[in-house]
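Mapping the sequence shown onto UniProt numbering, position 153 (from 1) lands on 153, and the numbers just tick up by one.
Where a beta carbon is used, it is the ideal one built from N, C-alpha and C, also for glycine.
Structure first, then comments.
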Amino acid sequence: MDDRRHGPVNAVGAGLSAPLPTPGDPLPSGSAAGGNPELDRLASMQLDRHGEPVWSPARSEGAQLLWGQDMTGPEEAAWMIDSVRSFGLNPAKSVLDLSAGLGGTARALVESCDTWVTGLEPSPLLAKLAMDRSKALGVSKKAPVAHYDPEHFNQAGSFDLVMADRIVHRVRDKELFLDRVGDCVKPKGGIALFDYVIDGAPGSWDAWNAWREEEPMEVYPWTATRMADELTQRNLDLRISEDLTQLHRRHIIDRVRKLADTLAAAVPPAPVLAALKRELALWWARLRVLGSGLRFVRYVAMKPA
Numbered sequence: 001m002d003d004r005r006h007g008p009v010n011a012v013g014a015g016l017s018a019p020l021p022t023p024g025d026p027l028p029s030g031s032a033a034g035g036n037p038e039l040d041r042l043a044s045m046q047l048d049r050h051g052e053p054v055w056s057p058a059r060s061e062g063a064q065l066l067w068g069q070d071m072t073g074p075e076e077a078a079w080m081i082d083s084v085r086s087f088g089l090n091p092a093k094s095v096l097d098l099s100a101g102l103g104g105t106a107r108a109l110v111e112s113c114d115t116w117v118t119g120l121e122p123s124p125l126l127a128k129l130a131m132d133r134s135k136a137l138g139v140s141k142k143a144p145v146a147h148y149d150p151e152h153f154n155q156a157g158s159f160d161l162v163m164a165d166r167i168v169h170r171v172r173d174k175e176l177f178l179d180r181v182g183d184c185v186k187p188k189g190g191i192a193l194f195d196y197v198i199d200g201a202p203g204s205w206d207a208w209n210a211w212r213e214e215e216p217m218e219v220y221p222w223t224a225t226r227m228a229d230e231l232t233q234r235n236l237d238l239r240i241s242e243d244l245t246q247l248h249r250r251h252i253i254d255r256v257r258k259l260a261d262t263l264a265a266a267v268p269p270a271p272v273l274a275a276l277k278r279e280l281a282l283w284w285a286r287l288r289v290l291g292s293g294l295r296f297v298r299y300v301a302m303k304p305a
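This is the structure we're talking about:
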C-alpha cells in the first residue's frame, strides 16, 4: 500500500493511540452497555481467542457510535439496498441475510422494498438485540433475526436472495457453507456475497500478521479466483465479481472521521469507550492490509431455473 496516497488513513491510525474523551453522561441508548445478566450471558456464549466475548453489550454500543444506529460495519444500509436493487425485491419476494448484525440492513430492506427478510447472525448477543429491536419497531414478522452457527449451517428455507457481508472468510468449512447457501436459493434466485479475499503476497508481512492477530477469531480467506471458481462449481451463474476495496476503505475512513462529532455530542460510559477503542484498533489493522494483500470483493451469482 502506498501510504503517500492515503494521508488521511495515517491520521486515523495515529489517532487510535490517543486517549479517547473522558466519560460523561451515558448515551440515551446506553442501556446495552452493561448490567443486564441475560445480555452478559449471551455475550459469554461466543468467546474470542483470548477468552473474551467477541461481542459485548458495550461493543454493540461502541460499534453503533462508529457505524450508525443498528449497524456493525461500514457499509451503510442504504448502500446495501442499492447494491441488491437489481434483484427486484418486492412484497412477493424473500431474502436471507446471513450477516444480520443488529438487523439494520434487514429492517431497511423491509422499509424500502416491503419484502420479507430472515436475518441470521453468528453472535447470540447481536441476534437477541436485533430481534428485540425488530419487535420494538413492529417488524418482528417481516424482519426476524435469530442466531446461527455458520460452521453448521443448515438450510433455512427457500429464498429469492441470499446475502452475506464479511462472513465467508470467517468460516473454516467454506465448501459446506456454500453448499448450504446454494440450497437456500430458489431457481432464478440470486446470491450476493461481500467478502475479504487474498490478493497476492502481502505488501507487509508484519501488517498481515498484526491483522490476523487483531481479529477476534481465526480467519480463513480464499483467493478471489478460488471464491469465483467455487461458486461456478455449484452450477451458479457468476454475473459479477467486483473489487470494492477502495470504496470499502472510504466507507471506513468516512465513518471514523465522523466519530469526533458523535463523541462531541454525547460522551458514552467508560466501558463503551474502551470497547470503541478496541473496535478502532481492529479496523485500523484491517485498513493496513486492505489493498495490500487483502481485497474486498462483491460476488453476485444467479441460480438457473
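8 Å or more divides the Cβ of Trp-211 from the Cβ of Ala-281.
In this chain, Arg-288 is not harboured by any beta strand (DSSP E); it is covered by the alpha helix (DSSP H) spanning 270-289. According to the DSSP secondary-structure assignment, Tyr-196 is paired through a beta bridge with Phe-296. Put simply, the stretch 106-120 touches the stretch 72-81. At least three CB pairs are less than 8 Å apart. Excluding sequence positions up to five before and after Leu-39, its CB lies within less than 8 Å of the CB of Ala-32, Pro-57, Leu-125, Lys-128 and Leu-129, all in the same chain and listed in chain order. Taking 8 Å as the cut-off, the beta carbon of Asp-165 is found no closer than this to the beta carbon of Ser-86. A contact between stretches requires three or more CB pairs, one per stretch, nearer than 8 Å, and the stretch 128-144 fails this requirement with the stretch 187-206.
For Gly-119, the uninterrupted beta strand (DSSP E) segment begins and ends at 116-121. Measuring C-alpha to C-alpha distances from Pro-221 to each of Val-256, Lys-174, His-169 and Lys-186 identifies His-169 as the nearest. Separation of Leu-65 and Pro-268 (C-alpha to C-alpha, rounded to the nearest whole angstrom) is 9 Å. In the three-state DSSP reduction, Arg-250 falls in the helix class (H, G or I). When beta bridges are read from the DSSP output, Thr-223 appears opposite Ile-198. Secondary structure at Val-168: helix, using DSSP grouped into helix, strand and coil. The alpha-carbon separation between Arg-278 and Ser-134 amounts to approximately 27 Å. One Cα belongs to Asp-160, the other to Gly-203, and the distance between them is close to 39 Å.
Taking C-beta separations shorter than 6 Å and ignoring five residues to either side along the sequence, the partners of Met-227 in its chain run Val-197, following chain order.
Proximity to Arg-288 across Arg-249, Thr-115 and Ala-274 peaks at Arg-249, based on C-alpha coordinates.
For Lys-135, the three-state secondary structure derived from DSSP is helix. Buried is the label assigned to Trp-208, since at least 16 other Cβ atoms lie within 10 Å of its Cβ. By the Cβ-count criterion, His-147 is buried, with 16 or more other Cβ atoms from all chains shown falling within 10 Å of its own Cβ. Put simply, the backbone Cα of Leu-42 is about 9 Å away from that of Trp-55.
In the three-state reduction of the DSSP assignment, His-147 falls in the strand class. Here Arg-172 has Glu-151 and Tyr-220 as same chain residues with Cβ atoms under 7 Å from its own Cβ, once five neighbours each way along the sequence are excluded.
Judged by DSSP secondary structure, Ser-60 falls within the alpha helix (DSSP H) whose first and last residues are 57-67.
Residue burial annotation: Lys-303 is buried, with at least 16 other C-beta atoms found within 10 angstroms of its C-beta.
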